[in-house]
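J.: Okay, handing you the structure first.
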Amino acid sequence: MLIKFTGGTVYDPMNGVNGEVRDIYARDGRIVAAPPPGTKIDQEFSLAGRTVMAGAIDPHSHIGGGKVTIGRMMLPEDHQGHEVARTDLMRSGCGHAVPSTMTAGYRYAEMGYTAAFEPAMLPANARQAHLEMGDTPMIDKGAFVMLGNDDFFLRAVAQKKDFSFIKDYIAWTMHASQALAVKIVNPGGISAFKFNQRQLDLDEKHAFYGMTPRDIILTLARGMKELGVPHPIHIHGCNLGVPGSMHSTLATIKGAEGLPLHLTHIQFHSYGTEGDMKFSSGAPQIAELLNQHSNVSIDIGQIMFGQTCTASGDSMRQYGNTKSADPKKWVVMDIECDNGCGVVPMKYRDKSYVNALQWAIGLELFLLVNDPWRIFLTTDHPNGAPFYYYPHLIRLLMDRTFRNEMLEKLHPGAQAATILKSLTREYSLYEIAIMTRAGPAKSLGLRDRGHLGVGATADITVYEENADDREAMFKTPLFVFKNGELIVKNGKVVKVVAGATHVARPEYDRAIEKPLREYFDRYHTVKLDNFRLSDQEIVDSNCGHTGGECGCVIVQPCGPRTS
Amino acid sequence: MTNWTQAKGPGDSPKSNAITDVACPFCGLVCDDLEMARDESGLKVTKNGCEKAVAGFERKVDGARPQVDGRDVDLETAIRAATDLIRKSSLPLFGGLGTDVNGIRSVLALADKAGGVIDHALSEGQYRNFRVLQTTGWIMTTLTEARNRADVFVIVGSDLQKLHPRFFERIVNVEQSLLSEAPPKRTVVFIGKGLDQSGVKGSRIGEIITLPCELDRISEVVAALAAEIRGTPPSADTVAGVPTADIKALAERCRAASYPVFVWAPPSLAFPNADLVVNTVSDLVKDLNVKGRAAGLALGGNEGAISAGAVSSWQSGYPLRVSFASGKPDYDFQRYAIPSMLANGEGDLLVWLASFTPDLGPPATKLPTIVLGTPGIKLQSTPAVFIPVGTPGADHGGRIIRVDNVVSLPLRDLGRSNLPKAADIFAAIELAL
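Note that the protein sequences, when read in sequence, are chains A and B. Using this note's numbering, read the first sequence as starting at 57 and increasing by one per residue. Using this note's numbering, read the second sequence as starting at 20 and increasing by one per residue.
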C-alpha cells in the first residue's frame, strides 16, 4: 500500500530539511522515494500548511519495571481522579505521575511520540521490565540496563580483571537482559549504601571494593566505546539532588578523557551552594563546559510544578530525599547484589525557593547549551514531572514571553537567583525536531527512526501549525502514523498497535559464562539460564492486548569491537 | 507441546535424563534449582524438591474433563457456557487468581471487558503489607541480598518452614557469601512461640534466640522492640510474657549488626489488625537505618499472589480489589474484597481460577460459579462450568514474579499433561464476549 503525505511543511534535521514543503511517500511501513509518475496512490493525506516531523522519541522515561510498579501500588491517590474508561479500542487505566502501562502508551502516542526508552532496567528485574513494556502499547520501547553497582562488576574491577573480561560481562548482560544501552546510577553508590556509606563523591573510595565512582565511570565509558554500542554510557552521576552537585558534574565532564558520555537528568546534578539559601544554579558553568566538550551529551530532567513521584535506582540518594517525601511515604530497597531503588513521592511547588530554582536551572541549561544535537528533552518521567508536560515544556523553550510570564509567578528569591530572564533564546521548530527526534535517534543508534528519509520507518507526526500556542500544537497532533498506519487523529487513538523492542547486541566471548555460571550458582538465588531472557519472551509479552498484532525485537547494529 | 530440555549444566552427565534448573511455582520463593525426571508415570522431583514441590509436580492430573452442570462436555462447549454466563452477568467476581503473569493478564483483560471485580484468594494476607506500603512505606531487601549480606535474621511471628520449606536452606544456612571467604555464623531470632525451627541448622547458624510470646501478642513485643531501638524503653519488666531485658538485648544486637533483616510472612500474621505489626516492623527498620543499615523481607506470596498484585498494579494502577463495573478501574480494598462481597450478597457470578494447588478451591457460595482449576481442586458444590487447566511450570510454560517483587522467573513446560492454559481460555471468552 502506497501512501502519500502531500505538501506538509517538513522538519527533518537528520536529512537537513528545515521547514520545506515536501511530499513524503510510504509503502509497507517504510518511507520510500517518490514513485514514477502515474503510480497508483492508495491513500493520500493533504498536509498543506501543516507541520510534519518524524514520530517523537523519549530517550529517558521510567515506564516499565519494578520501581514504577512500587510507585503505582504505593500511590492510589495518584490514580484516583485520573481514571480513564475503557473504549471499544482501548483498555481502561489510570494515573497521573505513575500511569498504568496501557494508559502510558496511549498518552505517548496521543502526544505524537512513537518511542520511549526505559532508562533504569535492573538485570535482576529485566524480565518484569520487559513484561511491563510489553503491556505498553502504541510505541516502540527499549531499555538501558544498570551496571556498575552489581557485585560481579565491582569484584571484577577490584580484582583488576583483564579489560576484555569486563567488556564480555557488559555485553553478556546486555544480551541476557535484552538491553539497548547501559546505564550507571550513582556509580558505586548504590552498593556503598549497602555498606552504610551515605555519600560517595567522584573520587571517594567504595568502603569494601576500594574503587571510586570515577574508576567505574571510565571503565564503563571505555567498555561501551570498545564494544561499539551506539549509545554512550548513560550516567546518572554522583550526588543527585545535593546542593553542590555541580562540582562532581563538572569534574565528571572534565575527567571523561574524551570518551563519549551521556549525562542524564543533569538538572538534578547542577546545583551550587551560593546565596543565603545555600542553593544556587550551576547551570551557566555546566553549560559552558558542555559547549566545549563535544564528547558529552545530556538530557535535562526538567521539573514542573505539582504532584509527582520520584523513582530511581539510586537508593543512597533517594534515602536522603525521603525527608522531602510528599505524601510522607516512601520505599527504599537493596536488590539482589545487583542494584537498589528508591521511590519517593514528591510535590514541586512554585512558591518554594528550591523547587522554583530547580525549574529555572533546567531551563537555563536548555537555553545555554548551544548544540541541540547533544541535549534531549526530558522530564525524567516521572521524577521531574509526568511526560505529558512535554508540550508545555516545548512552549517554554519556544516562547520567551510565555516563559517570562511563568517565571514571574515563582518564588521571588528564585527569580532573583536565576539568569533566566536575561536569556532571549527561543527554540525553533527545527531545533525542537532535533531535540525530540533526530538527536535521540542518532544517540541511541536507531538508524531507521527519528527521521523521514528513504528507508526510515514511517513513524510520522503531523501538527496543526500554531505559532501562538506551541503547547496546544504539540499536545494534540492532527495525525500520528506508526509504521505507516494512522494510529492517532486529532490527538485521539484511532488504532491500537504494539510497538517493537529495540536492543543492541555487541560481540562477546561466551567463555564469560563459565565464571558467571559459577558466580550465580554460588551466590545467587537464580540460575544463570533462568536469568537470561529469550526473544520469545519479549515477543510473547507484546501479544494478547492488541488484537493479535505482535511486537518484535529489533536488533540495532553495533560497531566493531575494538580494544 | 513437550519442551523439556536435556541436562546442560556443567556438572550433569550428558546422558542423564534429568531436567535441570527447573523453577518451582508452588510457593513465593520460586526456587529454580530443581531437577526432575519424567517417564510414562509422570514427573519425579529428583533433587532440591521440598514437600510442596513434590506434591505440586508429582500430582496426577490426567483424565479431567470440562463439565457443564456436572456433565462432561468438550472444551468448546464449556467455553461457550462460560461465555454465556459472563455475558449475562452484571457483576462477575474474578477470584482465586492462582496463576502466572500471562494468566493474570488474561483475567484483567476479561474483567475489564466484562465489567467485573478482581481479587486474589490470598489478598487478605497481602493487604497486611499493601496497607503499610500505602500509608508509610518501608526499606526492603531481596532474597539474594539477604542471602549474602544479612548477619542477623529476625523472624517475626511467621512459620516460614511451613510456608517456604527451603527458606532457611537457601537464604540463611548458605556456606558462601560474596562478602567473605569465611563468612561468619548468623544469628536467627524468632519472635513468637511455637514456630517451627527445625530448618534452622547447619554450619552458618550461630545463636538461635526465641522471644516466646503468644502469636497474637506479637504486636506488643514488636512495639517494645521498636521503642527500645528508638531509645524510649518500656517501663514494665515483661512484655507479653517476654522479659524486657531480652527485648533490650535484641535491640542492641540489631543496632550492632551490619545488616539485620526482619522477615515476616503476612499469611502467618492471621490475627486482627496484623498490618499494625507490619507497620511497626517497617518503622523500626527505618529507625535502624538512621545510623546503620537494616531491611525488611516480606515472604508469603504463594499461589501466584505476587504476580497477581504486580500485574494488576501495572495494568489497572491498583494492587487487586478493583472493580471495572463502571468502565474505569475503581479501587476500594474493603468494598471489593471478594470474600466480603460474597458474604454481603454482592455480585452475580463467581469466576474462580486456581491453577497451582488443589487446596485453593472456591469458597461456598450460592452464586453460579465458573471454575478454571487444576484437576482435583476442592469443590464444595458442583460449579456451573468446570474447566480443568494446566499448571504454569508443569503443564505449560509461563512466567511468575517472586516474593520479593523484583525477580521473575520463566516457568517451563515440563510436558506433564495436555491441559489448556487458563490464559487461552480467558482470551477465547474475551474474544467471544
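Glycine residues also receive a C-beta, built at the ideal position from the N, C-alpha and C atoms.
Answer yes or no: does any C-beta atom of chain B fall closer than 8 Å to that of ARG566(A)?
T.: no
J.: Starting from ALA560(A), trace the beta strand (DSSP E) in both directions and tell me its first and last residue.
T.: Per DSSP, ALA560(A) belongs to the beta strand (DSSP E) from 557-560.
J.: Can you tell me which of the three DSSP states LYS250(A) falls into?
T.: helix
J.: Let's test the definition: count the other Cβ atoms within 10 Å of the Cβ of GLN215(A) and tell me whether it reaches 16, buried, or not, exposed.
T.: exposed
J.: Mind checking whether SER326(B) and ILE123(B) have CB atoms under 8 Å apart?
T.: yes
J.: Any beta carbon of chain A sitting closer than 8 Å to that of THR96(B)?
T.: Cβ-Cβ to chain A under 8 Å: no for THR96(B).
J.: Going along chain B in order, which residues have a C-beta closer than 7 Å to the C-beta of ASN586(A)?
T.: ASP40, ALA42, ASP51, LEU428, PRO429
J.: In the DSSP output, what is VAL258(B) paired with across the bridge?
T.: VAL261(B)
J.: Would a check of beta-carbon distances place VAL582(A) closer than 8 Å to chain B?
T.: At least one CB atom of chain B sits nearer than 8 Å to the CB of VAL582(A).
J.: Less than 8 Å between CB atoms is the rule here; does SER199(B) satisfy it with respect to chain A?
T.: When Cβ-Cβ separations below 8 Å define contact, SER199(B) makes no contact with chain A.
J.: Determine the extent of the alpha helix (DSSP H) in which GLU330(A) is found, giving its start and end residues.
T.: That residue, GLU330(A), is in no alpha helix (DSSP H); it is neither H nor E in DSSP.
J.: Is it buried or exposed, VAL352(A), if we count other Cβ atoms within 10 angstroms and call 16 or more buried?
T.: buried
J.: Could you give the first and the last residue of the continuous alpha helix (DSSP H) run that contains GLN358(A)?
T.: Element bounds for GLN358(A): n/a, residue is neither H nor E.
J.: Measure the Cβ-Cβ separation of LEU318(B) and VAL282(B) and say whether it is below 8 Å.
T.: yes
J.: Closer than 8 Å by C-beta to PHE200(A): which residues in its own chain qualify, once you throw out the five before and the five after it? Chain order, please.
T.: PHE173, GLU174, PRO175, ALA176, MET177, ALA235, LEU236, ALA237, VAL238, LYS239, HIS287, HIS290
J.: Taking the runs of the alpha helix (DSSP H) that are 4 residues or longer, which of them lie wholly in the stretch 502-539 of chain A?
T.: Qualifying alpha helix (DSSP H) stretches, in chain order: 526-531.
J.: Can you find a C-beta in chain A that's less than 8 Å from the C-beta of TYR355(B)?
T.: no
J.: Determine which residues of the stretch 134-161 of chain B have a Cβ less than 8 Å from any Cβ of chain A, and write them out in chain order.
T.: PHE149, LEU152, GLN153, THR154, THR155, GLY156, TRP157, ILE158, MET159, THR160, THR161
J.: Name the DSSP beta bridge partners of TYR486(A), please?
T.: Assignment of beta-bridge partners to TYR486(A) by DSSP yields no partner.
J.: Nearest chain B C-beta to TYR225(A) closer than 8 Å, yes or no?
T.: no
J.: From ALA182(A) to MET189(A), what distance separates their C-alpha atoms?
T.: ALA182(A) and MET189(A) have their C-alpha atoms some 10 Å from each other.
J.: Starting from SER247(A), find everything on chain B with Cβ-Cβ shorter than 8 Å and list it in chain order.
T.: In chain order: nothing, as chain B lies at least about 11 Å away.
J.: Tell me where the alpha helix (DSSP H) around TYR446(A) begins and ends.
T.: 446-454
J.: How is SER359(B) classed by DSSP in three states: helix, strand or coil?
T.: helix
J.: Count the CB pairs spanning the stretch 234-249 of chain B and the stretch 295-304 of chain B that are closer than 8 Å, and state whether there are at least three.
T.: yes
J.: I want to know whether the stretch 135-144 of chain B touches the stretch 308-324 of chain B - three or more CB-CB distances under 8 Å.
T.: yes
J.: Looking at C-alpha atoms only, which residue of VAL370(B), GLY114(B), VAL207(B) is the closest neighbour of PHE186(B)?
T.: VAL207(B)
J.: Helix, strand or coil: how does DSSP classify ASN598(A) here?
T.: Because the pLDDT at ASN598(A) is just 44, under 50, the model does not fix this residue reliably, and the value given afterwards should be weighed accordingly. It is coil, neither helix nor strand.
J.: Any beta-carbon of chain A closer than 8 Å to the one on GLY395(B)?
T.: Taking Cβ atoms only, chain A never reaches closer than 8 Å to GLY395(B), which makes this a no.
J.: Where does the unbroken beta strand (DSSP E) through MET402(A) begin, and where does it stop?
T.: 395-404
J.: Between which residues of its own chain and ASP68(A) is the CB-CB distance below 6 Å, once the five residues before and five after are set aside?
T.: HIS507, LEU508
J.: Contact defined as beta carbons within less than 8 Å: I believe PHE535(A) pairs with LYS545(A). What is the distance between those atoms, to the nearest angstrom?
T.: At roughly 6 Å, the Cβ-Cβ gap stays under 8 Å, so PHE535(A) and LYS545(A) are in contact.
J.: Put ASP224(A) into one of helix, strand or coil per three-state DSSP.
T.: helix
J.: Between LEU391(B) and GLU54(B), what straight-line distance do the alpha-carbon atoms span, to the nearest angstrom?
T.: Computed Cα separation, rounded: 28 Å.
J.: Establish whether the CB of LYS347(B) and some CB of chain A are separated by less than 8 Å.
T.: yes
J.: How would you label LEU452(B), buried or exposed, when you count the other beta carbons within 10 angstroms and need 16 or more for buried?
T.: exposed
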